[in-house]
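In terms of my numbering, the sequence shown opens at residue 13 and continues consecutively.
Beta carbons are placed, not taken as given, at the ideal position from N, Cα and C, and that holds for glycine.
Note sheet for the following structure.
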Amino acid sequence: MRILVTGGAGFIGSNFIRYILDGDRGIQVTNLDALTYAGNLENLQGVADHPGYRFVRGDICDFELVRELVQGMDAVVNLAAESHVDRSLVSATPFVQTNVMGTQNLLAAALEAKVPRFVQVSTDEVYGELPWFDPESPDPDAPRFTEETPLNPRSPYSATKAGADLLALSYHTTHQSDVIVTRCSNNYGPYQFPEKLIPLMVTNALEGRSLPVYGDGLNVRDWIHVSDHCRGLHLALENGSAGRVYNFGGNAERTNLQVVRAIASAVEISDELITFVEDRRGHDRRYAIDHSRAVKELGWEPLVGFEEGLESTVEWYRRHEGWWQRIRSGEYQQFYREMYGDGGRHRPPSP
Ligand code: NAD
Ligand code: DAU
């Protein structure tokens, strides 16, 4: 099987490619990634020389490039995206370009080349927010997002992801494209860019810096280890039904404050470093996922408990200080500029 993975140099993409190649699943991977600020080839060092792996630097918005790359592919797994909500509040245009226009390019090229399967990797944020429930007193009747929950995206990021989902599903309806949409809750684990809550707090804690919690810290997220998400994506790719949406969640609802306190405790620093800062604009109060469809139809369930997963993640950041320090110093951007010389939007020259 040959698959085109987009965004494979990012957090989930690099974990997904490693999962696919490490498992010796007979899958050949072409990774198309523009290496934006969030893309990092160091994330893939362990598989760079794998015979089943090829890297192409390029933009999913470049139709001619995408058209060439989808030839002969058995599937496209689209992970390329602008992924950070806070950045979308400052400038939404790159989100519209990559998340909407880029997805449209991939769908059109895949249709033209008759690629048999397309997995659109999406997010629970397209459903909007849920009423608040205290995760410390779990309520089995508290509402959760199902695949039938109406879309109600509330940030520019989630609006562009919802747009891409609807486009993807419309290709199934109108062109009978074999499209699957997956919607996952908040991921954490190794190689996550230190702008997202968990890696930001872990790296700040390791450096003894303050831990900036938005608002009252009571917003709830459902945390899933990235390895569970990657296994779900592989199952959806292999066994999902065309035109179907699958939710993935971690059975781990926590307030941000619970998460940050757990990190402070794991790093053995004082809670006094926690600082309450101005709230995110339009901050969604609670996400919670009902993933019973994935359990029933894909035989999937999350396997990594939150406490265990958080502990191993803190340990990973402890042991990979060079990785996040190089990101913080902006060293990669300089490296890529020198290597590719063009600000990051085109393919590298052939070796
Ligand atoms: P990330 O920001 O870590 O990585 C995104 C990758 O996409 C980077 O390697 C970047 O260089 C690449 N990219 C960006 N624009 C591109 C373009 N125009 N052309 C080619 N490559 C481009 O993101 P992530 O957290 O790994 O998320 C991956 C996908 O999973 C996204 O679609 C995101 O919406 C979705 N998702 C993320 C989470 C989460 O918690 N992180 C949860 C659910 C769904
Ligand atoms: O739910 C899935 C989504 O999860 C993905 O689609 C997104 O790509 C991913 O970024 C993530 O979005 P969130 O906005 O939920 O994640 P983030 O890590 O940015 O924030 C998690 C929570 O922590 C949120 O309630 C905001 C809060 N927060 C975040 C940061 C960066 C803070 O309190 N302080 C911070 O410094």
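*asked:* At a threshold of 6 Å, does residue 279 count as lining the ligand FMN (C-beta to nearest heavy atom)?
replied: As far as ligands go, the structure on display features the ligand NAD and the ligand DAU and does not contain the ligand FMN.
_Test item: CB-CB of residue 189 and residue 123 under 7 Å_ = Indexing the sequence shown from 1 puts residue 189 at position 177. Indexing the sequence shown from 1 puts residue 123 at position 111. It is a contact, given that the beta carbons lie within the stated cut-off.
_Need the endpoints of the beta strand (DSSP E) that residue 223 sits in, please._
Here residue 223 refers to the residue found at position 211 of the sequence shown. 223-226 is the extent of the beta strand (DSSP E) around residue 223.
_Three-way DSSP call (helix, strand, coil) for residue 1 in this model_ = Given that the chain is displayed from residue 13 to residue 363, the structure contains no residue 1 and the question cannot be resolved.
*Going along the chain, which residues of its own chain have a beta-carbon closer than 7 Å to the beta-carbon of residue 38, five neighbours each way excluded?*
As a first step, residue 38 must be located in the sequence shown, where it is residue number 26. Once the five neighbours on either side are set aside, the close Cβ partners of residue 38 are 13.
*Write down every uninterrupted run of the alpha helix (DSSP H) in the stretch 242-325 whose length is 4 residues or greater and which is fully enclosed by it, in chain order.*
268-279, 304-310
*Residue span of the beta strand (DSSP E) that contains residue 28, given as start and end*: Along the sequence shown, one-based indexing puts residue 28 at 16. Counting along the chain, residue 28 sits inside no beta strand (DSSP E); it lies in the alpha helix (DSSP H) bounded by residues 23-34.
*Going straight from the alpha carbon of residue 167 to that of residue 47, what length do you get?*
Counting from one through the sequence shown, the residue named residue 167 turns up at place 155. Counting from one through the sequence shown, the residue named residue 47 turns up at place 35. Approximately 24 Å between the Cα atoms of the pair.
*With C-beta atoms as the reference, is residue 110 less than 7 Å away from residue 93?*
For the purposes of this step, residue 110 is taken as residue 98 along the sequence shown, with counting starting at 1. For the purposes of this step, residue 93 is taken as residue 81 along the sequence shown, with counting starting at 1. A contact, by the Cβ cut-off of 7 Å.
*Assign residue 39 to one of three DSSP states: helix, strand, or coil.*
Within the sequence shown, numbered from 1, the residue matching residue 39 stands at position 27. Reduced to three states, the DSSP call for residue 39 is coil.
*asked:* Could you pull the DSSP bridge partners for residue 16 from this structure?
replied: Counting from one through the sequence shown, the residue named residue 16 turns up at place 4. DSSP, once it has assigned bridges, lists 42, 88 as partnering residue 16.
*Sort 216, 30, 328, 193 by Cα distance to residue 249 and report the nearest one.*
Within the sequence shown, the letter at position 237 stands for residue 249. Closest option to residue 249, Cα to Cα, is 193.
_Delimiting residues of the alpha helix (DSSP H) encompassing residue 192_ = Reading the sequence shown from its first residue, position 180 is the one you call residue 192. Segment 191-196 is the beta strand (DSSP E) holding residue 192; no alpha helix (DSSP H) there.
*Going straight from the alpha carbon of residue 153 to that of residue 73, what length do you get?*
Residue numbering aside, residue 153 sits at position 141 when the sequence shown is read from its first letter. Residue numbering aside, residue 73 sits at position 61 when the sequence shown is read from its first letter. Answer to the nearest angstrom: the Cα atoms are 43 Å apart.
_Paired residues, beta bridge with residue 132 - DSSP_ = Translated into the one-based positions of the sequence shown, residue 132 becomes position 120. Partner(s): 90, 193.
*asked:* Given this structure, state the Cα-to-Cα distance separating residue 32 from residue 96, to the nearest angstrom.
replied: Your numbering for residue 32 matches position 20 in the sequence shown. Your numbering for residue 96 matches position 84 in the sequence shown. Cα to Cα, the separation comes out at about 25 Å.
*residue 317 to residue 337, Cα distance in whole Å?*
Stepping through the sequence shown from its first residue, residue 317 is reached at position 305. Stepping through the sequence shown from its first residue, residue 337 is reached at position 325. Taking the straight line joining both Cα atoms gives about 28 Å.
*State the Cα-Cα distance for the pair residue 252 and residue 245, rounded to the nearest angstrom.*
Here the question's residue 252 lines up with position 240 in the sequence shown. Here the question's residue 245 lines up with position 233 in the sequence shown. Near 9 Å, if we compare the C-alpha coordinates of residue 245 and residue 252.
*Exposed or buried, what is residue 235 when buried is set at 16 or more other beta-carbons lying within 10 Å of its beta-carbon?*
Taking the first residue of the sequence shown as position 1, residue 235 is located at position 223. Residue 235 is buried by the Cβ-count criterion.
*Out of curiosity, what's the CA-to-CA distance linking residue 229 and residue 272?*
Looking up residue 229 in the sequence shown gives position 217. Looking up residue 272 in the sequence shown gives position 260. If I take the Cα positions, the gap works out to 9 Å.
*Does any heavy atom of the ligand NAD sit closer than 6 Å to the C-beta of residue 91?*
What you label residue 91 is simply residue 79 of the sequence shown in a count that begins at 1. Yes; taking the cut-off as 6 Å, the Cβ of residue 91 has a heavy atom of the ligand NAD nearer than that.
*Measuring CA to CA, which of 16, 27, 18, 17 is closest to residue 203?*
For the purposes of this step, residue 203 is taken as residue 191 along the sequence shown, with counting starting at 1. Nearest neighbour of residue 203 by Cα position, chosen from 16, 27, 18, 17, turns out to be 27.
*Expected contact under 8 Å - CB spacing of residue 1 and residue 170 to nearest Å*: What the structure shows of the chain is the stretch from 13 to 363, and residue 1 is not part of that stretch, so it cannot be assessed.
_Less than 6 Å between C-beta atoms, sequence neighbours within five positions excluded: which residues of the same chain meet that for residue 51?_
Position 39 of the sequence shown, counted from the first residue, corresponds to residue 51. Only 21, 22, 45 meet the Cβ criterion.
*What is the DSSP secondary structure of residue 345, reduced to helix, strand or coil?*
Position 333 of the sequence shown, counted from the first residue, corresponds to residue 345. Judged by DSSP in its simplified three-state form, residue 345 adopts helix.
*For residue 231 and residue 264, the rounded distance between their alpha carbons*: Taking the sequence shown and counting its residues from 1, the one referred to as residue 264 is at position 252. Taking the sequence shown and counting its residues from 1, the one referred to as residue 231 is at position 219. Going by the C-alpha atoms only, they are around 13 Å apart.
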